[in-house]
Amino acid sequence: DVKVTQSSRYLVKRTGEKVFLECVQDMDHENMFWYRQDPGLGLRLIYFSYDVKMKEKGDIPEGYSVSREKKERFSLILESASTNQTSMYLCASSSLGGGSGYTFGSGTRLTVV
Amino acid sequence: DAKTTQPPSMDCAEGRAANLPCNHSTISGNEYVYWYRQIHSQGPQYIIHGLKNNETNEMASLIITEDRKSSTLILPHATLRDTAVYYCIVRAGGTSYGKLTFGQGTILTVHP
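In order, the protein sequence lines correspond to chains B and Z.
Counting in our numbering, the first sequence runs from 1 upward without gaps.
Counting in our numbering, the second sequence runs from 1001 upward without gaps.
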């Protein structure tokens, strides 16, 4: 069964820590995405990537960076975690044209204390 | 990106068809309509998508009006496990090709 795997289901970090959220897909998809989901705000796109070493800002990139060194792996980095980054983080992937739909991971619930 | 409008919530009896509407009056000619659902505490799940023809798969049917300004997702025999938030999304084109923009969705509650 094809899937998108996020490294952690739950994560608790302290303010100011550097946080890495990892995402791996096994579908040979070109596109990968990072969203965050908050009550009342829905899913918002943070960053996305169309190819290895390529990245584009989404709607809310501030405070985040990403890395895509290999096609199957897309990492989200919080350089200095803050409490307002407490959220559910969702990774997704799709083929280049998106015709087969987008596959999401199960999410990482990050709490910054 | 074309915007979508969905009712905030709907109810459906188990075993009956659930018809979820979506308005996307500003959709452009090369934009697809996608439907996803999200069950509590899980990532969104792809259901179906279409351009202008009606589509059917093992999960649902998608009916798109001729002018493409609205669509309806049909779950033919709803079960309790279909209780979820359903998102209607129009896929962006141009430089943001492939990006999905989520709205608030419709909370579908299936009752016994």
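Glycine included, C-beta positions come from ideal geometry on N, C-alpha and C.
The structure presented is a predicted model; accordingly, all values stated were derived computationally and were not measured.
Is there a Cβ of chain B sitting closer than 8 Å to that of G1029/Z, yes or no? On the second sequence, residue 1029/Z is found 29 positions in, with the first residue counted as 1. Proximity of G1029/Z to chain B, defined by a Cβ-Cβ separation below 8 Å, is not satisfied.
R109/B versus D1067/Z: straight-line alpha-carbon distance, rounded: The residue you call residue 109/B lines up with position 109 of the first sequence. The residue you call residue 1067/Z lines up with position 67 of the second sequence. R109/B and D1067/Z: Cα-Cα distance of roughly 41 Å.
Cβ pair count under 8 Å reaching 3, the region 75 to 82 of chain B against the region 20 to 40 of chain B: Cβ pair count under 8 Å is three or more, so yes.
Bridge partners - V24/B, DSSP secondary structure assignment: As a first step, residue 24/B is located in the first sequence; it is residue number 24 there, counting from the start. According to the DSSP secondary-structure assignment, V24/B is paired through a beta bridge with T5/B and R73/B.
Are there three or more Cβ pairs, one per stretch, closer than 8 Å when the region 1019 to 1027 of chain Z is compared with the region 1069 to 1076 of chain Z? By the Cβ criterion, the region 1019 to 1027 of chain Z is in contact with the region 1069 to 1076 of chain Z, since at least three pairs of Cβ atoms, one from each stretch, lie closer than 8 Å.
Between which two residues does the beta strand (DSSP E) containing N84/B stretch? As a working mapping, residue 84/B is identified with position 84 in the first sequence. From DSSP, N84/B is part of no beta strand (DSSP E); its letter is neither H nor E.
Less than 8 Å separating the beta-carbons of T111/B and V4/B? Within the first sequence, residue 111/B is the residue found at index 111, counting from 1. Within the first sequence, residue 4/B is the residue found at index 4, counting from 1. It is not a contact, given that the beta carbons lie outside the stated cut-off.
What three-state label does DSSP hand L1080/Z in the structure shown? To locate residue 1080/Z, count along the second sequence from 1; it is residue 80. Of the three classes helix, strand and coil, the one that applies to L1080/Z here is helix, per DSSP.
Would you call G1015/Z buried or exposed, if buried means 16 or more other Cβ atoms sit within 10 Å of its Cβ? In the second sequence, the residue the question calls residue 1015/Z occupies position 15. By the neighbour-count criterion, in which 16 or more other beta carbons inside 10 Å mark a residue as buried, G1015/Z falls on the exposed side.
Limits of the beta strand (DSSP E) - the one that S1061/Z falls within: Within the second sequence, the letter at position 61 stands for residue 1061/Z. Unbroken beta strand (DSSP E) run through S1061/Z: S1061 to I1064.
Coil, strand or helix - V52/B by DSSP: The residue labelled residue 52/B in the question sits at position 52 within the first sequence. Coil, per DSSP.
Measure the CB-CB distance between E30/B and Y50/B and report whether it falls below 8 Å. Here residue 30/B corresponds to residue number 30 of the first sequence, with the count starting at 1. Here residue 50/B corresponds to residue number 50 of the first sequence, with the count starting at 1. The answer is yes: Cβ separation under 8 Å.
Name the chain B residues that come within less than 9 Å of L1100/Z, Cβ to Cβ? On the second sequence, residue 1100/Z is found 100 positions in, with the first residue counted as 1. Chain B residues near L1100/Z: F33, Y35, L43, L45, A92, S94, G98 and Y102.
Is there a C-beta anywhere in chain Z that falls below 8 Å from the one on G107/B? Position 107 of the first sequence, counted from the start, is the residue given in the question as residue 107/B. Interface residue, yes.
Leaving out five residues before and five after T86/B in sequence, what residues of the same chain have Cβ atoms less than 7 Å from its Cβ? Position 86 of the first sequence, counting from 1, holds the residue named residue 86/B. Within the same chain, and ignoring the five residues on either side of T86/B in sequence, the residues whose Cβ sits closer than 7 Å to its Cβ are L110, T111 and V112.
Output, in chain order, the set of chain B residues within a Cβ distance shorter than 7 Å of G1043/Z. For the purposes of this step, residue 1043/Z is taken as the residue at position 43 of the second sequence. Taking the beta carbon of G1043/Z as reference, the chain B residues within 7 Å of it are L90, F104, G105, S106 and G107, listed in sequence order.
When Cβ atoms are compared, which residues of the region 56 to 80 of chain B fall closer than 9 Å to chain Z? The residues in question are E56, G58 and D59.
So the candidates are I1039/Z, P1008/Z, N1057/Z and L1062/Z; which of them puts its Cα closest to the Cα of Y1032/Z? The residue you call residue 1032/Z lines up with position 32 of the second sequence. Of the candidates I1039/Z, P1008/Z, N1057/Z and L1062/Z, the residue whose Cα lies closest to the Cα of Y1032/Z is L1062/Z.
Taking only the alpha-carbon atoms, compute the straight-line gap between K1099/Z and Y1034/Z and give it to the nearest angstrom. Here residue 1099/Z is taken as the residue at index 99 of the second sequence, counted from 1. Here residue 1034/Z is taken as the residue at index 34 of the second sequence, counted from 1. Computed Cα separation, rounded: 12 Å.
Less than 6 Å between C-beta atoms, sequence neighbours within five positions excluded: which residues of the same chain meet that for M1059/Z? In the second sequence, residue 1059/Z corresponds to position 59, counting from 1. Result list for M1059/Z: I1047, in chain order.
Under a CB-based cut-off of 8 Å, is G1094/Z close to chain B? As a first step, residue 1094/Z is located in the second sequence; it is residue number 94 there, counting from the start. With a pLDDT of 48 at G1094/Z, under the threshold of 50, the modelled position of that residue is not reliable, and the figure given next carries that caveat. No, its Cβ sits nowhere closer than 8 Å to a Cβ of chain B.
At a Cβ threshold of 8 Å, is Y1046/Z touching chain B? If you number the second sequence from 1, residue 1046/Z lands on position 46. Y1046/Z counts as touching chain B.
Can you check whether the C-beta of K3/B is within less than 8 Å of a C-beta belonging to chain Z? The count along the first sequence starts at 1 and reaches residue 3/B at position 3. For K3/B, the answer is no, since every Cβ of chain Z falls outside 8 Å of its Cβ.
Please confirm whether H1049/Z has its beta-carbon closer than 8 Å to some beta-carbon of chain B. Indexing the second sequence from 1 puts residue 1049/Z at position 49. Yes - at least one Cβ of chain B is within 8 Å of the one on H1049/Z.
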